[in-house]
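Input: a single structure, listed below in structure tokens.
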Amino acid sequence: MSGRRPPRQTPRAELDLFGTAASMAKIEAPPPPPAPVVSEYFDSDAYPGETAQTAVTVSTLTQTARDVLEGAFVPIWVRGEITDFKSHRNGHWYFCMRDRGSQIKCVVWNRDQRSIPAPPDDGMQIAAYGRLTVYPTRGEMQFAITRLEAEGDGLRRKALEVTRARLEAEGLLDPSRKRRLPRHPRIIAVVTSLDGAALHDIIAVVKRRAAGVRIVAVPAAVQGDNARQEICYALDQVNRWGKADLVIVGRGGGAHEDLSAFNDERVARAVAACSVPTISAVGHEIDISICDLVADHRAPTPSAAAETATRTRAELQAELRDLSSRMIGAAQTLIVGGEQVVRRLGREVASNASSHVVHRRAAVSQLAARLHALSPLATLSRGYAIARGEGGATLSSTAAFTSDMPFDLVVRDGVVSARVERVEKSA
Amino acid sequence: MTFEERLARLEAIATELEGDDLELAKALALFEEGIENLRAASEELAKADVRVQKLVERVDGTFRTVDARE
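For the protein sequence lines, the chains are V and X, in the order given.
In terms of this note's numbering, the first sequence is residues 583 to 1009.
In terms of this note's numbering, the second sequence is residues 131 to 200.
See below:
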């Protein structure tokens, strides 16, 4: 062998040392015998590049280097610090990763950026997954990255901050944008996965509390690649349908990654664009999602969302009772005043009662009769009392009382201040 | 009228009744309207169970709701 290095056994078509794959392909069929390799194809005994006469081209050198490197390394994770980050016009990211002693040029192709939440910043400590290769045009070694994670979840946080800042600048997070939720929504749309726990929890809570409510599920994947798109589409469907009084959008609790759809800018915009009030229920007690920030109301869990959305029948009845007693009280005041006016007018016109007075008298007695039929005072005169809490709300159940709570007792001829001593629910 | 609208109307009626300078005839009309709203709202409360459905979009972009199997 006289000091000669043996020729590489790499298949020739792959190496293509002289850029003549086509012509060699012709020679190669039928397949050559295994050895001796070189002498079969070249007149000289010299292997490519051994002498000035057999010098290889630069392209051959760099491309061979690339093939060798790519063949030698499986894709691996590498960690280091980012420097010289540039997002090029062509959409690709270029930067260096380095540590104390070394650095390597890196690229993230446009198509590989989708799985990376945000472009990294200089100085970030990252771990990058990629393949070592050679960039022949420059003859440089290059690490082509397809996955990238920053220390301390930095990229995800950065992406969140960027999205949040953008939405904030547009005023979408403005508290004045928050709409009031309806007191008693008749139709509640729920944008979530049909087989998820969220829908199940919401149905259970609404059934337990409210009545006369229609829950209309609008199916959407809440995790995985299609989640963003499907949530946006479902919200759009709710808008086009136009019958819901309220939308709950969310999912049950999950791992951090699972919530990413609810941090997506398009999803946030779809929530903001919703034509009816929205409750987000992303099911994560600790992290607040972008969706939470945009929605009219944030609930920590789907169950909590259902509780926020609905009043119990008892609550609504109490509300109606309060309104009714306000009306009746006001009417009573009016009657008393009215009767005085009628009496005065009556005295003034003495003998010849004008039709005006007759008319007013009729109106007053009509109102009084109507009132008597409805008035809780009629009940009070029989010895019943109404318990009222702070703000005048009627206290009609043991649940409304707590120990030592002050309250008022309205009786036939006045109000008695009282305090709870003991609450005992009847069996 | 939806339940919401009835509640809002009742609130407005109560406030107006509590105000001064109200013609009796007007007061009576308001009161009657209030009672009617109260009745309708209470009826609505007494009504119906919770219903669970699914929204389905037809090819032409219109919608229907189908009851969920349970």
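Backbone N, C-alpha and C define an ideal beta-carbon position, used for all residues, glycine too.
One or two residues paired with residue i in a DSSP bridge
| i | result |
| --- | --- |
| V/Gln685 | V/Arg680 |
| V/Ser669 | V/Trp675 |
| V/Gly712 | V/Ile658 and V/Ile727 |
| X/Asp150 | Per DSSP, none; premise fails for X/Asp150. |
| X/Glu120 | Lying outside 131 to 200, the shown extent of chain X, residue 120 of chain X is not represented and no answer is given. |
| X/Arg181 | V/Arg796 |
| V/Gly996 | V/Val993 |
| V/Arg880 | V/Ser862 |
| V/Ala969 | V/Leu991 |
| V/Tyr717 | V/Glu722 |
| V/Pro1010 | With chain V represented from 583 up to 1009, any question about residue 1010 of chain V goes unanswered, as that position is not in the structure. |
| V/Ile769 | V/Arg796 |
| V/Gln707 | V/Glu663 |
| V/Ile830 | V/Val772 and V/Ile861 |
Within-8 Å CB hit, residue i to chain V
| i | result |
| --- | --- |
| X/Glu135 | no |
| X/Glu148 | yes |
Short Cβ contact (8 Å threshold) for residue i with residue j
| i | j | result |
| --- | --- | --- |
| V/Val820 | V/Val773 | yes |
| V/Arg765 | X/Leu137 | yes |
| V/Ala912 | X/Ala144 | yes |
| V/Asp878 | V/Arg761 | yes |
| V/Arg1010 | V/Ser697 | Because chain V in this structure spans residues 583 to 1009, residue 1010 of chain V falls outside the shown range and cannot be described. |
| V/Arg746 | V/Ala709 | no |
| V/Ser862 | V/Gly832 | yes |
| X/Leu185 | X/Thr195 | yes |
| V/Ile769 | V/Phe725 | no |
| V/Phe989 | V/Ala969 | yes |
| V/Ala741 | V/Ala700 | yes |
| V/Leu781 | V/Ala803 | no |
| V/Ala843 | V/Leu817 | no |
| V/Ile813 | V/Ala887 | no |
| V/Gln707 | V/Glu743 | no |
| V/Ile658 | V/Pro702 | no |
| V/Ala881 | V/Thr892 | no |
| V/Ser978 | V/Ala854 | no |
Proximal residues of chain V, C-beta to C-beta of residue i below 8 Å
| i | result |
| --- | --- |
| X/Ala142 | Chain V residues near X/Ala142: none, gap ~10 Å exceeds 8 Å. |
Residue i: contacting residues in chain X (beta-carbon distance under 8 Å)
| i | result |
| --- | --- |
| V/Val788 | Val180 |
Within-8 Å CB hit, residue i to chain X
| i | result |
| --- | --- |
| V/Ser684 | no |
| V/Gln819 | yes |
| V/Ser978 | no |
| V/Ser842 | no |
| V/Gln899 | yes |
| V/Ile785 | yes |
| V/Arg833 | no |
| V/Arg895 | yes |
| V/Ser885 | no |
| V/Leu714 | no |
| V/Arg970 | no |
| V/Leu828 | no |
| V/Leu737 | no |
| V/Leu916 | yes |
| V/Ser999 | no |
| V/Ser605 | Here V/Ser605 scores only 46 on pLDDT, less than 50, and its place in the model should not be relied on; the value that follows carries that caveat. False, the Cβ-Cβ gap to chain X never drops below 8 Å. |
Per-residue contacts from residue i into chain X (C-beta, under 9 Å)
| i | result |
| --- | --- |
| V/Ala780 | The premise fails here: V/Ala780 is roughly 13 Å from chain X at the closest Cβ pair, so nothing lies under 9 Å. |
| V/Ala792 | Val180 |
Proximal residues of chain X, C-beta to C-beta of residue i below 7 Å
| i | result |
| --- | --- |
| V/His766 | Phe133 and Glu134 |
| V/Met529 | Residue 529 of chain V is absent from the structure shown; chain V starts at 583 and stops at 1009. |
| V/Trp823 | Leu185 and Phe193 |
Check distances from the C-beta atoms of the stretch 157 to 189 of chain X to those of chain V and list, in chain order, the residues that come in under 9 Å. Ala157, Leu158, Leu160, Phe161, Glu162, Gly164, Ile165, Asn167, Leu168, Ala171, Ser172, Glu174, Leu175, Ala176, Lys177, Ala178, Asp179, Val180, Arg181, Val182, Gln183, Lys184, Leu185 and Glu187
Against chain X, which members of the stretch 794 to 809 of chain V pass a CB distance test of less than 9 Å? Gly794, Val795, Arg796, Ile797, Val798, Ala799, Val800 and Pro801
What are the residues of the stretch 854 to 883 of chain V that lie near chain X, defined by any Cβ-Cβ distance shorter than 7 Å? none
Just by C-beta distance, which residues in the stretch 902 to 914 of chain V are closer than 7 Å to chain X? Leu902, Leu905, Ser906, Arg908, Met909, Ala912 and Ala913
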